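Residue numbers (this note's numbering): 254 to 565. See structure below.
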Amino acid sequence: MSFTFKPYRPEDLETWNRFNQASRNGTFLFDRGYMDYHADRFTDASLMIEKEGQLVAMLPASRDGDTVVSHGGLTFGGLMLADKTGAADVKTIFEQLKDWLIAAGVRKLIYKPVPHIYHRVPSEEDLYALHRLGANTTRVDVSTTIQQSARLPLAKGRKHAIGKAKKAGITVQKSEDYASFWQMLTQNLEDRHAVKPTHSLQEMQLLASRFPQIQLYLAYLADQPVAGVVVYDYAEVTHTQYIGLTDAARENGALDALLEHLISDAFAHKPYFNFGISTCNRGLSFNEGLAAQKEMFGGRTTILQWLELELA
């Protein structure tokens, strides 16, 4: 069984996007309209993989020197699979991919698999294939996820905060006012962590204009936004990409009310609601307080991981 590895070219855009949409573990992050917004910062090394002339898998990837990452500009990457591509195929794909990458001068593959909650159909064949090749797990991040069909009870502290928000007259609305939210978010991150948002305001506005899956919700007090959440609405998962709030929101429970609205109303139909990670420093630094706050909404841990395969 032999597979053909073809580097992605701009003229493959429509084919790439169609396969991503039909694959069993693709997401809108892998759409070229999302991947390529920061193409100037990453050298694309994406691959289209064929068997007997049929496209059976694709790998979103970038290259930095002699290292290929799947993908350097994305939270996760991983092999996108057609419905008919089974475990034996994926095992062989990785065996042959290793040889193909070595021939291309690559010495290391850093692989960030798509977390299982984002799969339309179970798609963890890649983890087995990399295990067989001797890949090592080099990073594990703690991410808090609510499974809507088995949500744990809301903690008393969260209920109390939501009650305060109702008494204060907090309202929640979907919004396009990214500028106001970005000002709030940027101030938050500078004051508490001395960092900036991963995306600039202009980048987020561009991506939101391309993908209706990117949505902003704001909590208002007397017509003034005091808290906000940018959600990424995947097929199986609603993910909080950015969360920001003002000092006023900390006093009146506005963020709690906003998050509960998203979980119980706006996105209650999605199987999973994900808050994102509570770790940094390659997963070695764990913000226990942040994780506990997320868990109080009724979630528990799913992980994001990185695997590294030394090729030569």
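Heads up, the beta-carbon is just placed ideally off N, CA and C, and yes, glycines get one too. All values reported here derive from a predicted model rather than from experimental measurement.
query                                                                                                            : result
Distance CB(leucine 562)-CB(leucine 386) smaller than 8 Å                                                        : yes
Lysine 365, buried or exposed, once every other Cβ within 10 Å from all chains shown has been counted against 16 : buried
Limits of the alpha helix (DSSP H) - the one that leucine 557 falls within                                       : Segment 553 to 563 is the beta strand (DSSP E) holding leucine 557; no alpha helix (DSSP H) there.
Cα-Cα separation between glutamate 541 and threonine 532, rounded to whole angstroms                             : 9 Å
Sub-8 Å separation of aspartate 314 and histidine 324 beta-carbons                                               : The sequence given here has alanine at residue 314, not aspartate. In this structure, histidine 324 lies closer than 8 Å to alanine 314 by Cβ.
Ordered list of beta strand (DSSP E) runs contained in the segment 341 to 416, each at least 3 residues          : 361 to 364, 389 to 400
For methionine 254, three-class secondary structure by DSSP                                                      : coil
Element boundaries [alpha helix (DSSP H), containing glycine 339]                                                : Taken as a continuous stretch (DSSP letters only), glycine 339 belongs to no alpha helix (DSSP H), as it is neither H nor E.
At least 3 beta-carbon pairs within less than 8 Å: the segment 460 to 469 vs the segment 535 to 550              : no
CA nearest to the CA of glycine 358, picked from Asp317, Asp394, Asp336, His384                                  : Asp317
Segments of 3+ residues assigned as beta strand (DSSP E) that fall wholly inside the segment 504 to 557          : 525 to 530
Minimum length 4: unbroken alpha helix (DSSP H) runs contained in the segment 260 to 330                         : 266 to 275, 285 to 288
Own chain residues within Cβ distance below 8 Å of glycine 467, not counting five before or after                : First, the amino acid is wrong: residue 467 is isoleucine here, not glycine. If we look at isoleucine 467 and ignore the five residues flanking it on each side, its Cβ neighbours are Met457, Leu460, Ala461, Val483, Val484, Tyr485, Asp486, Gln494.
Cβ-Cβ separation, isoleucine 363 to threonine 320 (assumed contact under 8 Å), whole Å                           : 6 Å
Secondary structure of histidine 446, DSSP reduced to three states                                               : helix
Backbone CA spacing between methionine 437 and alanine 403 [nearest angstrom]                                    : 33 Å
Limits of the beta strand (DSSP E) - the one that leucine 332 falls within                                       : Per DSSP, leucine 332 belongs to no beta strand (DSSP E) and is neither H nor E.
Extent of the continuous alpha helix (DSSP H) to which glutamine 455 belongs                                     : 454 to 463
Assumed close pair alanine 507, isoleucine 423 - CB separation to whole angstroms, cut-off 8 Å                   : 5 Å
Exposure of valine 448, with buried meaning 16 or more beta-carbon neighbours within 10 Å                        : exposed
Cβ separation of isoleucine 415 and aspartate 518, assumed to be a contact under 8 Å, to the nearest whole Å     : Actually they do not touch by this definition, with Cβ atoms about 12 Å apart.
Counterpart residues of leucine 469 in DSSP-defined beta bridges                                                 : Ser428, Val483
Counterpart residues of isoleucine 496 in DSSP-defined beta bridges                                              : Val482
Three-state secondary structure (DSSP) of threonine 439                                                          : helix
Check whether phenylalanine 258 and leucine 300 have beta carbons under 8 Å apart                                : yes
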